[in-house]
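**Student:**
Residue numbers (the numbering used here): 2 to 132.
1) Three Cβ pairs or more, each shorter than 8 angstroms: is that satisfied between the segment 52 to 65 and the segment 90 to 99?
2) Would you mind working out which of 100, 23, 70 and 76 sits nearest residue 53, comparing C-alpha positions?
3) Mind checking residue 112: buried by the 16 CB within 10 Å criterion, or exposed?
4) Would you kindly report the start and end of the unbroken alpha helix (DSSP H) that includes residue 64?
5) Rounded to whole angstroms, what's the CA-CA distance from residue 39 to residue 69? Just pull it up for me.
6) Alpha carbon to alpha carbon, how far is residue 63 from residue 46?
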(Lines of atoms letter the chains of each structure in order from A; the text may use other names.)
(Lines give C-alpha, C1' and ligand atoms only; values in the text may rest on other atoms or scores of the structure.)
Protein backbone atom coordinates (compact mmCIF):
# COMPACT_ATOMS: atom_id res chain seq x y z
CA UNK A 2 0.00 0.00 0.00
CA UNK A 3 1.55 3.32 -1.00
CA UNK A 4 1.15 6.67 0.77
CA UNK A 5 -1.63 7.81 -1.56
CA UNK A 6 -3.74 4.75 -0.71
CA UNK A 7 -3.07 5.20 3.01
CA UNK A 8 -4.24 8.82 3.04
CA UNK A 9 -7.22 8.04 0.81
CA UNK A 10 -8.32 5.31 3.23
CA UNK A 11 -7.96 7.62 6.21
CA UNK A 12 -9.83 10.46 4.51
CA UNK A 13 -12.78 8.13 4.08
CA UNK A 14 -12.64 7.04 7.71
CA UNK A 15 -12.40 10.36 9.51
CA UNK A 16 -8.90 11.58 8.72
CA UNK A 17 -5.46 10.69 9.93
CA UNK A 18 -5.42 11.53 13.63
CA UNK A 19 -4.57 9.84 16.88
CA UNK A 20 -8.18 9.20 17.82
CA UNK A 21 -8.58 7.10 14.68
CA UNK A 22 -5.55 4.93 15.54
CA UNK A 23 -6.50 4.59 19.20
CA UNK A 24 -10.01 3.43 18.28
CA UNK A 25 -8.66 0.87 15.82
CA UNK A 26 -6.14 -0.50 18.33
CA UNK A 27 -8.80 -0.68 21.05
CA UNK A 28 -11.13 -2.51 18.65
CA UNK A 29 -8.38 -5.01 17.75
CA UNK A 30 -7.56 -5.51 21.42
CA UNK A 31 -11.24 -6.31 22.06
CA UNK A 32 -11.25 -8.82 19.21
CA UNK A 33 -8.09 -10.39 20.58
CA UNK A 34 -9.51 -10.63 24.10
CA UNK A 35 -12.74 -12.17 22.79
CA UNK A 36 -11.00 -14.60 20.43
CA UNK A 37 -10.81 -17.36 23.01
CA UNK A 38 -7.02 -17.57 22.93
CA UNK A 39 -5.61 -17.28 26.45
CA UNK A 40 -2.99 -14.55 26.77
CA UNK A 41 -0.36 -17.11 27.79
CA UNK A 42 -0.96 -19.35 24.73
CA UNK A 43 1.28 -19.11 21.64
CA UNK A 44 -1.41 -17.35 19.65
CA UNK A 45 -2.36 -15.05 22.54
CA UNK A 46 1.28 -14.04 23.01
CA UNK A 47 1.55 -13.22 19.31
CA UNK A 48 -1.67 -11.20 19.23
CA UNK A 49 -0.92 -9.29 22.42
CA UNK A 50 2.68 -8.72 21.32
CA UNK A 51 1.49 -7.20 18.05
CA UNK A 52 -1.01 -5.01 19.91
CA UNK A 53 1.69 -3.86 22.34
CA UNK A 54 3.87 -2.86 19.38
CA UNK A 55 0.92 -1.01 17.83
CA UNK A 56 0.41 0.84 21.13
CA UNK A 57 4.09 1.83 21.13
CA UNK A 58 3.92 3.00 17.52
CA UNK A 59 0.78 5.04 18.24
CA UNK A 60 2.49 6.63 21.26
CA UNK A 61 5.57 7.51 19.19
CA UNK A 62 3.41 8.87 16.37
CA UNK A 63 1.50 11.06 18.80
CA UNK A 64 4.77 12.35 20.22
CA UNK A 65 6.09 13.12 16.72
CA UNK A 66 2.86 14.87 15.79
CA UNK A 67 3.07 17.04 18.92
CA UNK A 68 6.72 17.85 18.17
CA UNK A 69 5.78 18.71 14.59
CA UNK A 70 3.01 21.02 15.83
CA UNK A 71 5.48 22.71 18.19
CA UNK A 72 7.98 23.08 15.36
CA UNK A 73 5.35 24.58 13.04
CA UNK A 74 4.32 26.98 15.79
CA UNK A 75 7.92 28.03 16.33
CA UNK A 76 8.65 28.23 12.59
CA UNK A 77 5.62 30.36 11.76
CA UNK A 78 5.61 32.46 14.93
CA UNK A 79 5.19 36.05 13.74
CA UNK A 80 5.37 37.61 17.20
CA UNK A 81 9.14 37.98 17.14
CA UNK A 82 10.92 40.46 14.93
CA UNK A 83 12.49 38.76 11.94
CA UNK A 84 16.21 38.14 12.11
CA UNK A 85 18.07 39.27 9.01
CA UNK A 86 21.22 37.75 7.64
CA UNK A 87 23.80 39.77 5.77
CA UNK A 88 25.96 38.00 3.26
CA UNK A 89 29.55 39.09 2.55
CA UNK A 90 32.18 37.85 0.15
CA UNK A 91 35.60 37.61 1.80
CA UNK A 92 37.98 39.82 -0.24
CA UNK A 93 40.83 37.44 0.54
CA UNK A 94 39.44 33.99 -0.40
CA UNK A 95 36.03 34.72 -1.98
CA UNK A 96 34.13 32.67 0.63
CA UNK A 97 30.53 33.75 1.30
CA UNK A 98 30.00 34.67 4.96
CA UNK A 99 26.55 35.12 6.52
CA UNK A 100 26.28 37.46 9.50
CA UNK A 101 23.15 38.15 11.55
CA UNK A 102 21.86 41.60 12.40
CA UNK A 103 23.01 41.45 16.03
CA UNK A 104 26.59 40.68 15.01
CA UNK A 105 26.50 43.55 12.52
CA UNK A 106 25.43 45.95 15.28
CA UNK A 107 27.76 44.70 18.03
CA UNK A 108 31.00 43.69 16.32
CA UNK A 109 33.72 45.87 14.80
CA UNK A 110 34.99 43.06 12.59
CA UNK A 111 34.23 39.50 11.57
CA UNK A 112 36.62 36.66 10.85
CA UNK A 113 36.32 34.53 7.72
CA UNK A 114 35.93 30.88 8.76
CA UNK A 115 37.88 29.72 5.67
CA UNK A 116 41.01 31.87 5.66
CA UNK A 117 40.79 33.66 9.06
CA UNK A 118 40.96 37.02 7.31
CA UNK A 119 39.64 39.88 9.48
CA UNK A 120 36.90 41.86 7.75
CA UNK A 121 35.85 45.25 9.16
CA UNK A 122 32.16 45.72 9.92
CA UNK A 123 30.47 49.01 10.70
CA UNK A 124 33.46 51.15 9.72
CA UNK A 125 34.37 53.20 6.67
CA UNK A 126 36.08 50.13 5.19
CA UNK A 127 32.71 48.40 4.77
CA UNK A 128 32.35 50.20 1.44
CA UNK A 129 35.13 47.99 0.08
CA UNK A 130 33.16 44.80 0.80
CA UNK A 131 31.12 43.01 -1.87
CA UNK A 132 27.50 42.33 -0.92
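Cβ atoms here follow ideal geometry from the backbone N, Cα and C, with glycine treated the same way.
**Tutor:** Answer, in terms of the structure:
1) no
2) 23
3) exposed
4) 43 to 76
5) 40 angstroms
6) 25 angstroms
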